[in-house]
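There are 2 protein chains.
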Amino acid sequence: MSINTFSAKLKKLGVNTESITDTMPLRGAAGLALPQKVVRPLTVKHIQAIQKIAHAEGVSLWVTPNASGNGLQVSQADGEPVLVDLSRMRSVIKVDNDSAYALVEPGVSYRQLSAALQAKRYDFWIDSGRNAADSVVGGICDRSLGYSAYSDNLLMQCGMEVVTADGALVRTGMGALPKGDCWQLFKFGFGPYMDGSFTQSGLGIPTKIGLWISPAPPAYRPFALRIDDEQTMVAAVEVMRDLRINMVVPNTVVVVDGDSERKLLGGNPAPWNIYGGLYGLPKNVDILWGMLNGIAAQLKMRLEDLTQATDSAAQARAGLMQGKPAAVWHDYEKSVGSRYLRLVFALPIEGDKALHFAKRTQEIAKAAGCGVTVEQGTAWRTLMGEVLLSYAEGDVQRALACGKTLISEWAKQGIGVVRADPTFHQAVAATYSDPGFNKLQALLAEAVGASPARRAA
Amino acid sequence: MSINTFSAKLKKLGVNTESITDTMPLRGAAGLALPQKVVRPLTVKHIQAIQKIAHAEGVSLWVTPNASGNGLQVSQADGEPVLVDLSRMRSVIKVDNDSAYALVEPGVSYRQLSAALQAKRYDFWIDSGRNAADSVVGGICDRSLGYSAYSDNLLMQCGMEVVTADGALVRTGMGALPKGDCWQLFKFGFGPYMDGSFTQSGLGIPTKIGLWISPAPPAYRPFALRIDDEQTMVAAVEVMRDLRINMVVPNTVVVVDGDSERKLLGGNPAPWNIYGGLYGLPKNVDILWGMLNGIAAQLKMRLEDLTQATDSAAQARAGLMQGKPAAVWHDYEKSVGSRYLRLVFALPIEGDKALHFAKRTQEIAKAAGCGVTVEQGTAWRTLMGEVLLSYAEGDVQRALACGKTLISEWAKQGIGVVRADPTFHQAVAATYSDPGFNKLQALLAEAVGASPARRAA
Chain A
1 MSINTFSAKL KKLGVNTESI TDTMPLRGAA GLALPQKVVR PLTVKHIQAI QKIAHAEGVS
61 LWVTPNASGN GLQVSQADGE PVLVDLSRMR SVIKVDNDSA YALVEPGVSY RQLSAALQAK
121 RYDFWIDSGR NAADSVVGGI CDRSLGYSAY SDNLLMQCGM EVVTADGALV RTGMGALPKG
181 DCWQLFKFGF GPYMDGSFTQ SGLGIPTKIG LWISPAPPAY RPFALRIDDE QTMVAAVEVM
241 RDLRINMVVP NTVVVVDGDS ERKLLGGNPA PWNIYGGLYG LPKNVDILWG MLNGIAAQLK
301 MRLEDLTQAT DSAAQARAGL MQGKPAAVWH DYEKSVGSRY LRLVFALPIE GDKALHFAKR
361 TQEIAKAAGC GVTVEQGTAW RTLMGEVLLS YAEGDVQRAL ACGKTLISEW AKQGIGVVRA
421 DPTFHQAVAA TYSDPGFNKL QALLAEAVGA SPARRAA
Chain B
1001 MSINTFSAKL KKLGVNTESI TDTMPLRGAA GLALPQKVVR PLTVKHIQAI QKIAHAEGVS
1061 LWVTPNASGN GLQVSQADGE PVLVDLSRMR SVIKVDNDSA YALVEPGVSY RQLSAALQAK
1121 RYDFWIDSGR NAADSVVGGI CDRSLGYSAY SDNLLMQCGM EVVTADGALV RTGMGALPKG
1181 DCWQLFKFGF GPYMDGSFTQ SGLGIPTKIG LWISPAPPAY RPFALRIDDE QTMVAAVEVM
1241 RDLRINMVVP NTVVVVDGDS ERKLLGGNPA PWNIYGGLYG LPKNVDILWG MLNGIAAQLK
1301 MRLEDLTQAT DSAAQARAGL MQGKPAAVWH DYEKSVGSRY LRLVFALPIE GDKALHFAKR
1361 TQEIAKAAGC GVTVEQGTAW RTLMGEVLLS YAEGDVQRAL ACGKTLISEW AKQGIGVVRA
1421 DPTFHQAVAA TYSDPGFNKL QALLAEAVGA SPARRAA
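Written as structure tokens, this is what we have:
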């Protein structure tokens, strides 16, 4: 009766255990044995109590930053699972106009952080994904990639507060100093830098995270390159690698086929589409535009200025690259509900590999009877291939099998998954087979008290 | 007789234990009980054997990446200390022209990596400190800040191979995947990101580290702003914060007083000096130069184009910002030998704080009878204040006492040390007193087998 004791003890602290009615936060855990109960703490002290009591009662904690479910942590321990929903902890604790940072609680969504900045008339861009309801903290803990120049969400993270499995409250980086203004200014603090250990890991429950935010540039010109044939797409990716690494196009350069783009954002895309943005002083942007125009002419691509876009997908792309989530994304979620799963693969930014990855992934998924989209985007040196697999009602096993096929097939070709919905975590982890690395991760989990062994004990 | 057994076992593997003759690598450990013996492994297998045998025989390992001593790891365990000098492991394993990265062994110096790139006629800048002989890996493990736009050395690190205390070989990130080209392309891999735990920590001996390198920009115009009075310096730092955060000046903006600059690089500096660089297409640099000229006129600062510099310090600054170490730095080392110690503090990028830090630090050091330089430079959101304390022959206690005073005085005002020579590690760590953070670091050290307790056992 461990879960009853857990509930009774928490009730005394004013935290109710309720039945789960909204299953959206558990979307990425489809196929696993799901928790039936949820607790919604309001304070850090609540979370410390939840960790301690769960530990004592053998309850396994799942964690979702907010109702959107991005950044969902799934426990692999044996105990009865309970979901910790942090959506009531949704304070934008601080935004700093001079040093361009924010400190937020886990429930805060991209929409809410943007609104908080607008209310103060601060002119910043918040790097985000497609969904405005997603948690900012969830994005960092998931190591999401957005579309602006601050796209690498963990790289731009600065300062963290987490509660570990034993209920200890940890402030990392400069937050471990009793006094001072640098918690959101300097990432690494002194001694081993451990913030990264709390991403994609479930080793702690995040309660506050700092992030750097990007001042709006004086000028911004988003563009699309429209491409009809594969050969040109391959050549274009090669050029985009150079432009990205040289910071001429400093944001996430997206490469997406027409089929995937129509499913994701609608509109009327070309067979292949490349999106990027130019940023800077107005005159500088003009110069870069001239350069881009020359490249487009040489490779016979159609260059479009997306500030003039009328097409829904093109408008959405222009917004995404300045950190505005895409309203049209809801059409995708309307069509598939919570019946989709995400895998993100890491590839070199090379044209032939990008083409092969997009085509072969869609072939495999279609043969397996799944809906599929592939969107590829540049990080600092990598092309990240995001695959969404959708499935019909009651058909989750089909999507799970297809996802596992993709994971193992691509691993054999040296292409690894770097972000995955929780239902795929074990399959992905099995492909990272370096024995030293596996041992190190196990030692870390055991030390922080979050390993199955410790939990069960 | 543990060290004799250690030596005998290693001799069988072809690794000799010798007496230390060059004390430069131990510069930063002045005042500690120093090792008398050194081993110089040639292979990863040697390092695995050294870890295992040291563990078995109760020998404490100190580690220096090369003869320069940057990135020195000091063991706090009780056993007899032996220095592991990695300078024979000095292979530039790979440089990639398309994706702009390098993979190097720990002994490789900035000079050597630059030469390897030049030999292939690859046009990259290597972010470095003042000293060309310093180890690239040492800079990353120390979390050094260079002067180019890639100044945050840990942020630009990608992929690592380390040998932990139990002799296990660990490949992090995409290196844990048995196959693939992404080890130096994507930092984080899958699951908890742990590379940061091997920096400023002594939790493992690095054997290979990858790093992103910066393509040489089409145009580069380094500048100096010369300032005569404190009020203008304060105003200038405020403006530089905005230019840095907006990436108009994307590299480390240095602020240094004339006294410190003369000691560091010589020449004929002004009472206050600010250095930065403009990068990009030639026409873009012209536009930014016009903007900078306007700012200089408004604040009554003298703007100098350092491509025209004749002064030794000014020439050195122009080189540093494109990743060229400063030859004139050797004058400093000639004057003080290895009798200097380093502390780096983290401050907000604010004019009044920068002025107070520079002045008060020099007052304290001069009152203590130490030579002192203060050089401040912008990271992404922080002003890093590097303090060098020099001392006369036989007078190390004076510098140690002064350093400890600075550490505790500034901590009381909320300004923490983020990089320190090993002799100051314990004093600095004591200022980061968050109990959860301290417990977490202790658990990590114990788990990885590098804690004093485990070592002694």
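Line by line, the protein sequences are chains A and B.
Taking our numbering, the leading residue of the first sequence gets 1, the next gets one more, and so forth.
Taking our numbering, the leading residue of the second sequence gets 1001, the next gets one more, and so forth.
All C-beta atoms in this analysis are idealised placements derived from N, C-alpha and C, irrespective of residue type, glycine included.
(1) Shortest alpha-carbon distance to Glu1350 (chain B) belongs to which of B:Asn1246, B:Asn1293, B:Met1240 and B:Lys1300?
(2) For Ile1349 (chain B) and chain A, any beta-carbon pair shorter than 8 Å?
(3) Between Trp380 (chain A) and chain B, is any beta-carbon pair separated by less than 8 Å?
(4) Taking the beta strand (DSSP E) that Glu105 (chain A) falls in, what are its first and last residues?
(5) Can you tell me where the alpha helix (DSSP H) holding Leu444 (chain A) begins and where it ends?
(6) In whole angstroms, give me the CA-to-CA distance for Arg455 (chain A) and Ala1445 (chain B).
(7) Could you give the distance in angstroms between the alpha-carbon of Ser1201 (chain B) and the alpha-carbon of Arg1226 (chain B)?
(8) Counting along the chain, where does the beta strand (DSSP E) carrying Ala1420 (chain B) start and finish?
(9) Compute the Euclidean distance between the alpha carbons of Val254 (chain A) and Leu343 (chain A), then round it to the nearest angstrom.
(10) Could you tell me the distance, in whole angstroms, from the CA atom of Ala1436 (chain B) to the CA atom of Val74 (chain A)?
(11) Got a sec? Which residues, its chain only, sit under 7 Å from Leu1013 (chain B) by beta carbon, not counting five neighbours each side?
(12) Please state if the CB of Gly1079 (chain B) and the CB of Ser1002 (chain B) are separated by a distance shorter than 8 Å.
(13) According to the neighbour-count rule (16 or more other Cβ atoms, all chains shown, within 10 Å of its Cβ), is Pro422 (chain A) buried or exposed?
(14) If you count every other CB in all the chains shown that lies within 10 Å of the CB of Glu363 (chain A), and 16 or more means buried, which is it?
(15) Is any beta-carbon of chain B found at less than 8 Å from that of Trp212 (chain A)?
(16) Could you pull out every unbroken beta strand (DSSP E) segment of at least 3 residues lying fully inside the region 1278-1334 of chain B, listed in chain order?
(17) Flag Cys1370 (chain B) as yes if its beta-carbon sits less than 8 Å from any beta-carbon of chain A, otherwise no.
(18) Could you name the residues of chain A that Val1418 (chain B) contacts, counting a contact when the two beta carbons are closer than 7 Å?
(19) Please list the partners that Glu446 (chain A) has in chain B, where partner means a Cβ-to-Cβ separation under 7 Å.
(20) Where do the ends of the alpha helix (DSSP H) carrying Gln112 (chain A) lie?
(21) State the CB to CB distance for the pair Ala1447 (chain B) and Leu443 (chain A), rounded to an integer number of angstroms; the pair is presumed to be in contact (CB under 8 Å).
(22) Assign Thr23 (chain A) to one of two classes, buried (16 or more other C-beta atoms within 10 Å of its C-beta) or exposed (fewer than that).
(23) Taking 8 Å as the CB-CB cut-off, is Ile1140 (chain B) touching chain A?
(24) Going by the CB atoms, is the gap between Pro192 (chain A) and Met160 (chain A) shorter than 8 Å?
(25) Taking only beta-carbon positions, decide if Arg164 (chain A) is within less than 8 Å of chain B.
(26) Using the three-state DSSP reduction, which class does Cys1157 (chain B) fall into: helix, strand or coil?
(27) Going by the CB atoms, is the gap between Leu1103 (chain B) and Thr1164 (chain B) shorter than 8 Å?
(28) Any contact between the region 292-301 of chain A and the region 1294-1310 of chain B? By contact I mean 3 or more CB pairs, one from each, below 8 Å.
(29) Please report the straight-line C-alpha distance between Arg1143 (chain B) and Asn1251 (chain B), rounded to a whole angstrom.
(30) Going by the beta-carbon positions, is the gap between Pro215 (chain A) and Phe124 (chain A) smaller than 8 Å?
(31) CB-CB under 7 Å to Ala1354 (chain B), same chain, minus the five flanking residues each way: which ones, in chain order?
(32) Closest by CA to Cys1402 (chain B), which one among B:His1425, B:Ala1365, B:Gly1416 and B:Ala1427?
(33) Would you report the Cα separation of Gln36 (chain A) and Asp1434 (chain B), rounded to the nearest angstrom?
(34) From A:Arg262, A:Gly385 and A:Gly276, pick the residue whose C-alpha is nearest to that of Tyr220 (chain A); which is it?
(35) Using DSSP with H/G/I as helix, E/B as strand and the rest coil, what is Ala1453 (chain B)?
(36) DSSP state of Met89 (chain A), grouped into three classes?
This is what the structure gives:
(1) B:Met1240
(2) yes
(3) yes
(4) Looking at the DSSP string, Glu105 (chain A) is not in any beta strand (DSSP E), and its letter there is neither H nor E.
(5) Pro435 to Ala447
(6) Caution applies to Arg455 (chain A), whose pLDDT of 38 falls short of 50 and renders its modelled position unreliable; the value that the coordinates give is listed next. One C-alpha to the other measures close to 21 Å.
(7) 39 Å
(8) Gly1416 to Ala1420
(9) 16 Å
(10) For the record, residue 1436 (chain B) in the displayed sequence is Gly; it is not Ala. In a straight line, the C-alpha of Gly1436 (chain B) is about 23 Å away from that of Val74 (chain A).
(11) His1046 and Ala1049
(12) yes
(13) buried
(14) exposed
(15) yes
(16) 1302-1305
(17) no
(18) Phe186, Phe188, Gly189 and Phe190
(19) Ala1447
(20) Tyr110 to Ala119
(21) 4 Å
(22) exposed
(23) no
(24) no
(25) This sequence places Thr at residue 164 (chain A); Arg is not what is there. Yes, because at least one Cβ of chain B sits closer than 8 Å to the Cβ of Thr164 (chain A).
(26) The identity of residue 1157 (chain B) in the sequence shown is Gln, whereas the question assumes Cys. The answer is strand: DSSP assigns Gln1157 (chain B) an E or B state.
(27) no
(28) no
(29) 16 Å
(30) yes
(31) Val1237, Val1255, Leu1347, Gln1376 and Leu1383
(32) B:Ala1365
(33) 36 Å
(34) A:Gly276
(35) With a pLDDT of only 40 at Ala1453 (chain B), under the threshold of 50, the placement of this residue in the model should not be trusted, and no figure is reported.
(36) coil
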